[in-house]
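Counting the sequence shown from 1 gives a position; our numbering is that position plus 754.
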Amino acid sequence: MQKKMFGFGAAIAAAVTICFWAGSATADTSLTAPKDELVIKGKKPARFPHKNHLDMGLKCGVCHHDAEHKPLTAEGIGSLEDPVKLSCVSCHNSDFANVKLQKAKDVFHTRCKDCHKAGYEGKKGPAKCSDCHLKKKKAVEGC
Ligand code: HEC
Ligand code: HEC
Ligand code: HEC
Ligand code: HEC
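Take a look at the structure:
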């Protein structure tokens, strides 16, 4: 019995250690572009296959910029400590100086829909609401 108890305790200790390692490994790694499809959260969540867009040859700065609106490079993004700094609504919210760029709808539709309509290197993107917006409450939880 005692041996069994010890085994159990050791297993927990090992699990805790692994989690701790995994946690510190994430903290040390610089930020790289996500490979999985993102769901941009909000009142009308939308899917965004991040990798597909990079495969087209788009530079990071087409979408990501800093507080002075200067385009961010992959290196610049890599040196950010916190991915929250890339969150569009962390800046574009009701406190944003330019009132025309406070609403998620305006900011994302300008960036996403406008390019889909105009096209990139002759290729248009999907323009129907349901091409981007998730139907009903098909919530996808991030890990
Ligand atoms: C190219 C992709 C894309 C297309 C097409 C698109 N949207 Fe969006 N839309 C987004 C993204 C991304 C957001 C930001 C997510 C959010 O705020 O919930 C957004 C946000 C919104 C919001 C704001 C939600 C809020 O905060 O109040 C509304 C409303 C909306 N879209 C309606 C529509 C409608 C209606 C259509 C079709 C006519 C449409 N969208 C087409 C990408 C798209
Ligand atoms: C076509 C637009 C677009 C391009 C190009 C782009 N991104 Fe993104 N990226 C986004 C959007 C939109 C988000 C989600 C932001 C949000 O949730 O507000 C995002 C999120 C991210 C995140 C955070 C992921 C997370 O899970 O929090 C990282 C890291 C990132 N991008 C890195 C990059 C890098 C590096 C490049 C260039 C190699 C790049 N992106 C190019 C649009 C783009
Ligand atoms: C660190 C703060 C910050 C973050 C994060 C941020 N923006 Fe911006 N954004 C700005 C500033 C500053 C401007 C310029 C405002 C002006 O011209 O009045 C701007 C302008 C814009 C504009 C209008 C000009 C243009 O480039 O077409 C759009 C659209 C936009 N941002 C979309 C986004 C999207 C999409 C994201 C996320 C991928 C994002 N922003 C993340 C600060 C930010
Ligand atoms: C610079 C141009 C550009 C920008 C910016 C852009 N897209 Fe796209 N997107 C495209 C093109 C072109 C395609 C079609 C690619 C293809 O058919 O191979 C596409 C495809 C898509 C698809 C369909 C992918 C699939 O295979 O189902 C979704 C969803 C999408 N984009 C969402 C978004 C959202 C959300 C944003 C803003 C955060 C965005 N896009 C920003 C050009 C762009």
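Cβ coordinates follow ideal geometry from the N, Cα and C atoms, glycine included.
Cα-Cα separation between residue i and residue j, rounded to whole angstroms
i    : j    : result
V816 : T786 : 16 Å
A776 : G876 : Because the pLDDT at A776 is just 46, under 50, the model does not fix this residue reliably, and the point stays unresolved.
A872 : C866 : 10 Å
I794 : K859 : 11 Å
K789 : M810 : 14 Å
V861 : P825 : 16 Å
K889 : G879 : 19 Å
CB of residue i within 8 Å of CB of residue j, strictly
i    : j    : result
H863 : A881 : no
C842 : A828 : no
H804 : L812 : no
G832 : S784 : yes
H846 : L855 : yes
C883 : R801 : no
Contact test: residue i Cβ vs ligand 3 heavy atom, cutoff 7 Å
i    : result
E791 : no
R801 : no
Any non-hydrogen atom of ligand 1 within 7 Å of residue i CB
i    : result
C817 : no
Beta-carbon separation (whole angstroms), residue i vs residue j, contact threshold 8 Å
i    : j    : result
S844 : V853 : Between V853 and S844 the Cβ distance is about 17 Å, and since that is not below 8 Å, they are no contact.
heavy atom of ligand 2 below 7 Å from residue i C-beta
i    : result
A872 : no
P788 : yes
L812 : yes
Selection from the options that minimises the alpha carbon distance to residue i
i    : options          : result
K857 : K798, K789, D790 : K798
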